[in-house]
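**Q** From first to last, the protein sequence lines are chains R and P.
What the first sequence shows, in the UniProt record's numbering, is residues 1 to 198, in sequence order.
What the second sequence shows, in the UniProt record's numbering, is residues 1 to 198, in sequence order.
To start, I am sharing the structure in question, which I have written as structure tokens.
Protein chains: 2
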Amino acid sequence: MSLWSRTRNAVHGEITRTAMELFLTRGFDATTIDEIAAAAGISRRSFFRYFGTKEDVVLGDLIARGEEIRQALEARPDGEEPWTALCNALHSVKDTAYDDDTMLAIFRMVHGTPSLRARSIEKHLQWQALLTPEVRRRLGADPADPFDVRADALVATVITCLDVAGEAWTRGDGAVSLEDLFDAAAAAVRPPGSRAVP
Amino acid sequence: MSLWSRTRNAVHGEITRTAMELFLTRGFDATTIDEIAAAAGISRRSFFRYFGTKEDVVLGDLIARGEEIRQALEARPDGEEPWTALCNALHSVKDTAYDDDTMLAIFRMVHGTPSLRARSIEKHLQWQALLTPEVRRRLGADPADPFDVRADALVATVITCLDVAGEAWTRGDGAVSLEDLFDAAAAAVRPPGSRAVP
DNA sequence: GCCTTATTGACACTGAGTGCCACCCGGGCA
DNA sequence: TGCCCGGGTGGCACTCAGTGTCAATAAGGC
Numbered sequence: 001m002s003l004w005s006r007t008r009n010a011v012h013g014e015i016t017r018t019a020m021e022l023f024l025t026r027g028f029d030a031t032t033i034d035e036i037a038a039a040a041g042i043s044r045r046s047f048f049r050y051f052g053t054k055e056d057v058v059l060g061d062l063i064a065r066g067e068e069i070r071q072a073l074e075a076r077p078d079g080e081e082p083w084t085a086l087c088n089a090l091h092s093v094k095d096t097a098y099d100d101d102t103m104l105a106i107f108r109m110v111h112g113t114p115s116l117r118a119r120s121i122e123k124h125l126q127w128q129a130l131l132t133p134e135v136r137r138r139l140g141a142d143p144a145d146p147f148d149v150r151a152d153a154l155v156a157t158v159i160t161c162l163d164v165a166g167e168a169w170t171r172g173d174g175a176v177s178l179e180d181l182f183d184a185a186a187a188a189v190r191p192p193g194s195r196a197v198p
Numbered sequence: 001m002s003l004w005s006r007t008r009n010a011v012h013g014e015i016t017r018t019a020m021e022l023f024l025t026r027g028f029d030a031t032t033i034d035e036i037a038a039a040a041g042i043s044r045r046s047f048f049r050y051f052g053t054k055e056d057v058v059l060g061d062l063i064a065r066g067e068e069i070r071q072a073l074e075a076r077p078d079g080e081e082p083w084t085a086l087c088n089a090l091h092s093v094k095d096t097a098y099d100d101d102t103m104l105a106i107f108r109m110v111h112g113t114p115s116l117r118a119r120s121i122e123k124h125l126q127w128q129a130l131l132t133p134e135v136r137r138r139l140g141a142d143p144a145d146p147f148d149v150r151a152d153a154l155v156a157t158v159i160t161c162l163d164v165a166g167e168a169w170t171r172g173d174g175a176v177s178l179e180d181l182f183d184a185a186a187a188a189v190r191p192p193g194s195r196a197v198p
């Protein structure tokens with residue numbers, strides 16, 4: 001890793017820390033980019049050289065997380081059913097950057113701020129695009145057939161279950177683990193013992 | 001209906017027509033609110049008295065559509081399985097305001113414009129909040145239990161299937177009907193013959 | 001020490017959205 | 001007829017996100 005990218009990462013991290021602290025105390029909408037820039041000791045213009053939007057400070061690493069999930073999915077054995085493989089892939093990825101309480105606060109902020117919520121869902125749509133090809137392959141579907149929606153439906157549903165679990169997690173103050181809630185959501189959609197389309 | 005609400009509806013419709021024509025020819029982002037206001041013969045300020053955001057011109061009636069779906073769901077027989085009832089409720093609601101070609105263009109615009117896409121998903125989240133209570137009732141779930149995610153998962157998944165179908169519909173230029181694509185997506189998630197959790 | 005290159009900060013600008021206030025128009029009232 | 005009153009309207013100014021431009025500057029190679 002070059003000096004250039006090291007300093008860039010350092011600045012990136014510094015902005016993230018500073019901004020997240022402001023967000024969690026004052027609220028997301030009540031924090032302007034000028035305030036973040038001032039607190040981080042950079043210019044407003046430089047902020048936008050590190051983050052495309054204000055939302056990206058909070059949701060920036062969701063893209064990277066999507067890539068991790070893709071790799072986890074491809075690592076699942078070929079014999080596994082697509083649905084099971086997807087669930088397992090999602091299980092294998094955890095967020096380690098924050099402790100549980102901070103995580104809860106962030107989730108609440110994301111769910112309570114429309115612009116953040118929307119961006120978060122956009123990122124999830126990007127996950128779908130990332131995961132669908134592998135599921136198509138496992139289903140033996142024609143990669144180019146626009147009318148074979150099976151893979152898209154499976155991927156979108158699994159991610160939706162994760163969303164539902166996340167919302168229930170915040171509603172319940174984190175008393176039940178995100179993993180358990182996800183499993184419950186997945187089980188409700190596709191009852192265990194149900195069989196795939198031949 | 002009073003004179004007041006009639007004139008208000010007329011202005012509302014006039015703005016919608018004018019704006020949609022601009023959107024579909026120039027593109028959504030390339031059309032400013034000043035241009036819409038000028039073309040509709042009102043002031044920029046008045047535009048915001050009829051629509052909260054630019055996106056609402058395109059997606060405004062999605063809230064009403066959600067209410068229709070809720071009523072359709074409540075009209076389904078009590079004995080019907082929640083999943084089936086949801087699918088049937090969604091089937092019973094159609095958009096009649098535009099012809100198929102215009103509908104396709106609008107879909108494409110929504111899917112191709114990030115801000116529109118995000119808002120559209122937000123509206124779908126509102127649908128979820130609208131439909132979940134009835135599904136909870138049908139499942140015999142405690143309305144206040146934050147950890148019973150079954151209803152949320154079912155509702156969110158059905159709407160996700162509609163989203164997937166919509167995207168496939170635009171990708172395939174509308175060659176296969178939205179209804180059929182929705183059925184295919186729903187079938188992929190919950191294979192026919194699968195049984196609900198007891 | 002000089003030249004090249006990339007990062008930065010400053011400034012200006014667009015465009016969405018909001019608050020404020022004066023204006024106008026129609027209805028009610030004396 | 002003249003006055004008042006209330007709601008819709010337009011105009012203005014403002015905030016804030018996001019983008020383009022350009023000069024200054026600092027770092028690295030020669």
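Glycine included, C-beta positions come from ideal geometry on N, C-alpha and C.
Find the nearest neighbour of R/R119 within the set R/Y50, R/D61, R/E74 and R/E14, judged by alpha-carbon distance.
**A** What you label residue 119 of chain R is simply residue 119 of the first sequence in a count that begins at 1. That would be R/D61, whose Cα lies nearest to the Cα of R/R119.
**Q** Just how far apart, CA to CA, sit P/E80 and R/A184?
**A** Taking the first residue of the second sequence as position 1, residue 80 of chain P is located at position 80. Taking the first residue of the first sequence as position 1, residue 184 of chain R is located at position 184. Between P/E80 and R/A184, the C-alpha separation is close to 22 Å.
**Q** Compute the distance between the beta-carbons of R/I63 and R/Q126, then report whether it is under 8 Å.
**A** Taking the first residue of the first sequence as position 1, residue 63 of chain R is located at position 63. Taking the first residue of the first sequence as position 1, residue 126 of chain R is located at position 126. Cβ distance < 8 Å, so R/I63 and R/Q126 count as in contact.
**Q** Under 8 Å Cβ-Cβ, which residues of chain R neighbour P/D163?
**A** Counted from its first residue, the second sequence places residue 163 of chain P at position 163. Those are A156, listed as they occur along chain R.
**Q** Give me the residue from R/R49, R/R45, R/E67 and R/L104 with the minimum Cα distance to R/A89.
**A** Position 89 of the first sequence, counted from the start, is the residue given in the question as residue 89 of chain R. Closest option to R/A89, Cα to Cα, is R/E67.
**Q** Using only CA atoms, which one of P/T157, P/V57, P/S115 and P/T96 lies nearest to P/A19?
**A** Along the second sequence, one-based indexing puts residue 19 of chain P at 19. Residue P/V57 is the option with its Cα nearest to P/A19.
**Q** Please determine whether the Cβ atom of R/M103 lies at a distance below 7 Å from any heavy atom of the ligand FMN.
**A** With respect to the ligand FMN, the structure shown offers nothing to examine, as it has no ligands at all.
**Q** If we define contact as Cβ-Cβ less than 8 Å, is P/R108 a contact residue for chain R?
**A** Here the question's residue 108 of chain P lines up with position 108 in the second sequence. So no, P/R108 is outside the interface.
**Q** For P/P143, report the span of its alpha helix (DSSP H) as first-last.
**A** Translated into positions along the second sequence, residue 143 of chain P becomes position 143. From DSSP, P/P143 is part of no alpha helix (DSSP H); its letter is neither H nor E.
**Q** Is there contact between the stretch 131-150 of chain P and the stretch 44-56 of chain P, where contact requires at least three CB pairs shorter than 8 Å?
**A** no
**Q** Around the C-beta of R/R150, are 16 or more other C-beta atoms found within 10 angstroms, so that it is buried, or is it exposed?
**A** The residue you call residue 150 of chain R lines up with position 150 of the first sequence. With 16 or more Cβ atoms within 10 Å of its Cβ, R/R150 is classed as buried.
**Q** On the CB-based measure, 16 or more other CB atoms within 10 Å of its CB, does P/A175 come out buried or exposed?
**A** Taking the second sequence and counting its residues from 1, one reaches residue 175 of chain P at position 175. Burial call: exposed.
**Q** Which of helix, strand or coil does DSSP assign to R/Y98?
**A** For the purposes of this step, residue 98 of chain R is identified with residue 98 of the first sequence, where counting begins at 1. Note: R/Y98 maps to coil in three-state DSSP.
**Q** Would P/H124 and P/I159 qualify as a contact pair, given that the criterion is a beta-carbon distance under 8 Å?
**A** Within the second sequence, residue 124 of chain P is the residue found at index 124, counting from 1. Within the second sequence, residue 159 of chain P is the residue found at index 159, counting from 1. Cβ atoms of P/H124 and P/I159: closer than 8 Å.
**Q** Are the beta-carbon atoms of P/V110 and P/L116 separated by less than 8 Å?
**A** In the second sequence, counting from the first residue as 1, residue 110 of chain P sits at position 110. In the second sequence, counting from the first residue as 1, residue 116 of chain P sits at position 116. Yes, Cβ-Cβ distance for P/V110 and P/L116 is below 8 Å.
**Q** Taking the alpha helix (DSSP H) that R/D152 falls in, what are its first and last residues?
**A** Stepping through the first sequence from its first residue, residue 152 of chain R is reached at position 152. Per DSSP, R/D152 belongs to the alpha helix (DSSP H) from R150 to R171.
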